[in-house]
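Going down the list, the protein sequences come from chains A and B.
Counted from 1, the first sequence has number 168 at position 134 by the numbering used here; the numbering is strictly sequential.
Counted from 1, the second sequence has number 199 at position 165 by the numbering used here; the numbering is strictly sequential.
Just so it is clear, CB atoms sit at the ideal spot from N, CA and C, and this is done for glycine as well.
Report on the structure given below.
Protein chains: 2
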Amino acid sequence: MTLEKPVFTPIKNNKRAFEEVSSRVKSLIFKGVLKPGDKLPSEGELAKQFNVGRQTVREALRILELSGFIKVQKGFGGGPVIKNTILANITDLFLDAFQVEKISIEEFTEARLMIEKAILNKAFDNIEEQDLGALKENLAKAMGLVSKDQLATDVNFEFHTLLARASKNAVFVILEKAINTIHHNFRSRKSADLGATQKAVQAHEKILDALLKKEREKPIDLLERHILDIQNSY
Amino acid sequence: MTLEKPVFTPIKNNKRAFEEVSSRVKSLIFKGVLKPGDKLPSEGELAKQFNVGRQTVREALRILELSGFIKVQKGFGGGPVIKNTILANITDLFLDAFQVEKISIEEFTEARLMIEKAILNKAFDNIEEQDLGALKENLAKAMGLVSKDQLATDVNFEFHTLLARASKNAVFVILEKAINTIHHNFRSRKSADLGATQKAVQAHEKILDALLKKEREKPIDLLERHILDIQNSY
DNA sequence: TCACATTTGTCCGTATGTATC
DNA sequence: AGATACATACGGACAAATGTG
């Protein structure tokens, strides 16, 4: 009998040394040995431990940094620290892809609409008391800020993420976070706008209200209008 | 009059040297000056031209490589070459995120189902003759392979991408390609299966048939069954 | 098959910048 | 303000891979 696929991983792999180093570290993160906040040894120390040169370590660190696994801090007490910003880094690549593929805000909004409608539909089936509580809390916080004439942009973004959480599917949470960051990037070209914040809070209030009344279609319709409203403000 | 935002970019920015180098190259790609297939100068030459050390150039190349803008080849006549594999690299990061967030295949399938159904619905509204032609051609190719007892895995993946193209929204194409690659990754743990290929081709045939008959709901139902079928085969 | 040139891959030594104590 | 520990960056050197004659 011959095997179609290799069972044993090759002893001598063709990976470049810096790739080997970065995947070793990644693997430790996946296994939970290294957790966000943990400090990695300094470049020189890593070079000693892996028995490679410092340049090799540096290239591995660049990979881990760009992938969102670590941040590097300069100066005394600095060095590489484990972080989890993978999603933010995915978004950076999406933005690159948007530039290369020349994607318009209309296309983005259309896709966003479809995904968020699907998420809300799913959330309707799976939402729990604790999700509703989180949404209420989020809304109250946003209202508090608005009543003091302050922007509630980040809180409003969080509302959509909370809806994604209510769907009980982590893929949707990832997608929603990606959408939020991309949206945030489009948005940052525009000056801050208190009116937009107020409108968003009102829309969120209506959506939550309809959700509490156990209506399925109405919150989806409201969300659609809300998202189109956002696009038209650009 | 004072300006709210700086008009002149700072002469001395806080970017690290390798970041400056990588974003200079990226910018040339965005502007279309550098196109896929173009060869970049060698590391040493780049170091001279940017007036930095070779180590700096290498770290910049690592970033461009991981982002999917270039590939590097060793040896005579080698060096960095412009490529566009950004989407594949986005997918790699998604896979990392899936590992960190411990995403199950069920969650993935559920999200996939929602997105592909939305795409197909959109495709129904925007599909043109040339899209139908491409789908027919794809199906014919797959059938040809199956009739010779050969696997048509890649061709079958392409069917779904063609559906995304018919939606006329590039974001959907990006998402679909990401889905395909992730699916491919799940799939690769399983041995090749001729029966699965045949079933997929039959499902695609039915979907295309329903599309040609201008039916909206039926192809979506068929797609749902097809995707659930795939999941159950794991 | 064998040298040869080119280019990446890797290591080392050294110098400078930077943040903290 | 000065010492410390770290990242950042440069230049030189050699090994390894790869295509050419």
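*CA-CA distance, residue 210/B and residue 198/B?*
7 angstroms
*Identify the continuous alpha helix (DSSP H) that holds residue 253/B and give its terminal residues.*
251 to 266
*residue 113/A - containing beta strand (DSSP E), residue span*: 113 to 116
*Do the stretch 175 to 193 of chain A and the stretch 144 to 157 of chain A touch if we need at least three Cβ pairs shorter than 8 angstroms?*
By the Cβ rule, the stretch 175 to 193 of chain A does not count as touching the stretch 144 to 157 of chain A, because fewer than three pairs are nearer than 8 angstroms.
*For residue 214/B, does the count of other Cβ atoms within 10 angstroms reach 16, so buried, or fall short, so exposed?*
Residue 214/B comes out buried.
*Just the Cα atoms here: how many angstroms apart are residue 155/B and residue 252/B?*
11 angstroms
*For residue 42/A, count neighbouring Cβ atoms within 10 angstroms of its own Cβ and tell me buried if that reaches 16, exposed if not.*
Because the pLDDT of residue 42/A is 43, which lies under 50, any placement of that residue in the model is unreliable, and the question is left without a value.
*Determine whether the Cβ of residue 206/A lies closer than 8 angstroms to any Cβ atom of chain B.*
yes
*Report yes or no: is there a C-beta of chain A within less than 8 angstroms of the C-beta of residue 269/B?*
Since the first and last residues shown for chain B are 35 and 268, residue 269/B lies out of range.
_Endpoints, the alpha helix (DSSP H) within which residue 97/B is located_ = 88 to 101
*asked:* Whether or not the stretch 72 to 90 of chain B and the stretch 105 to 123 of chain B are in contact is what I'm after, with contact meaning three or more pairs of Cβ atoms, one per stretch, closer than 8 angstroms; do they touch?
replied: Three or more Cβ pairs drawn from the stretch 105 to 123 of chain B and the stretch 72 to 90 of chain B lie within less than 8 angstroms of each other, which places the two stretches in contact.
_Selection from 236/B, 264/B and 247/B that minimises the alpha carbon distance to residue 217/B_ = 264/B
*Would you report the Cα separation of residue 144/B and residue 163/A, rounded to the nearest angstrom?*
23 angstroms
*Looking at the structure shown, is residue 69/B part of a helix, part of a strand, or coil, going by DSSP?*
coil
*Mind checking the stretch 93 to 113 of chain B against chain A and listing, in chain order, the residues whose C-beta falls within less than 7 angstroms of any C-beta there?*
93, 96, 97, 100 and 101
*Mind checking who residue 107/B pairs with in its DSSP beta bridge?*
DSSP lists 113/B as the bridge partner or partners of residue 107/B.
*Go through its chain and collect everything with a Cβ distance to residue 208/B's Cβ below 7 angstroms, but skip five positions before and after it.*
121
*Using 10 angstroms around the beta-carbon of residue 206/B, count the other beta-carbons present and answer buried if the total reaches 16, otherwise exposed.*
Under the 10 Å beta carbon count, residue 206/B is surrounded by 16 or more other beta carbons and is classified as buried.
*Interface residues of the stretch 115 to 142 of chain A facing chain B [CB-CB below 7 angstroms]*: 118, 120, 121, 123, 124, 127, 128, 130, 131, 133, 134, 135, 137, 141 and 142
*Exposed unless 16 or more other CB atoms sit within 10 angstroms - verdict on residue 58/A*: exposed
*Flag this pair as touching only if the stretch 86 to 106 of chain B and the stretch 93 to 113 of chain A have three or more C-beta atom pairs under 8 angstroms; answer yes or no.*
yes
_Short of 7 angstroms in beta carbon distance, which residues of its chain neighbour residue 157/B, apart from the five on each side in sequence? Order them along the chain._
197, 200 and 201
*C-beta contact flag for residue 125/B and residue 204/B at 8 angstroms*: Cβ atoms of residue 125/B and residue 204/B: not closer than 8 angstroms.
*Just by C-beta distance, which residues in the stretch 151 to 171 of chain A are closer than 9 angstroms to chain B?*
151, 152, 153, 155 and 156
_Could you give the first and the last residue of the continuous alpha helix (DSSP H) run that contains residue 83/B?_
77 to 84
*asked:* Taking 8 angstroms as the threshold (beta carbon to beta carbon), is residue 145/A in contact with chain B?
replied: yes
*Roughly how many angstroms separate the alpha carbons of residue 52/A and residue 180/A, rounded to a whole number?*
Each residue's Cα considered, the two are about 50 angstroms apart.
_Contact list for the stretch 170 to 203 of chain A against chain B, Cβ threshold 8 angstroms_ = Within the stretch 170 to 203 of chain A, the residues whose Cβ lies closer than 8 angstroms to some Cβ of chain B are 203, listed in chain order.
*State buried or exposed for residue 188/A, treating a residue as buried only when at least 16 other CB atoms are found within 10 Å of its CB.*
With fewer than 16 other Cβ atoms within 10 Å, it is exposed.
*Going by alpha carbons, who is nearest to residue 109/A out of 77/A, 191/A and 168/A?*
Comparing alpha-carbon positions, the option among 77/A, 191/A and 168/A lying closest to residue 109/A turns out to be 77/A.
*Only counting runs of 3 or more residues, tell me where the beta strand (DSSP E) segments fall wholly within the stretch 209 to 235 of chain A, in order along the chain.*
none
*Could you spell out the range, first to last residue, of the alpha helix (DSSP H) harbouring residue 186/B?*
Per DSSP, residue 186/B belongs to no alpha helix (DSSP H) and is neither H nor E.
*For residue 244/B, collect the residues of the same chain with a Cβ closer than 8 angstroms to its Cβ; drop the 5 residues on either side in sequence, then sort them by chain order.*
252, 253 and 256
*To the nearest angstrom, report how far apart residue 103/B and residue 65/A are at their CA atoms.*
30 angstroms
*Among residues of its own chain, excluding the 5 on either side of residue 17/A, which ones have a beta-carbon nearer than 7 angstroms to its beta-carbon?*
Here chain A covers residues 35 to 268 and nothing more, so residue 17/A does not appear.
*By DSSP, does residue 38/A sit in helix, in strand, or in coil?*
Interpretation of residue 38/A is limited by its pLDDT of 43, a score under 50 that renders its predicted location unreliable; no figure is taken from the coordinates.
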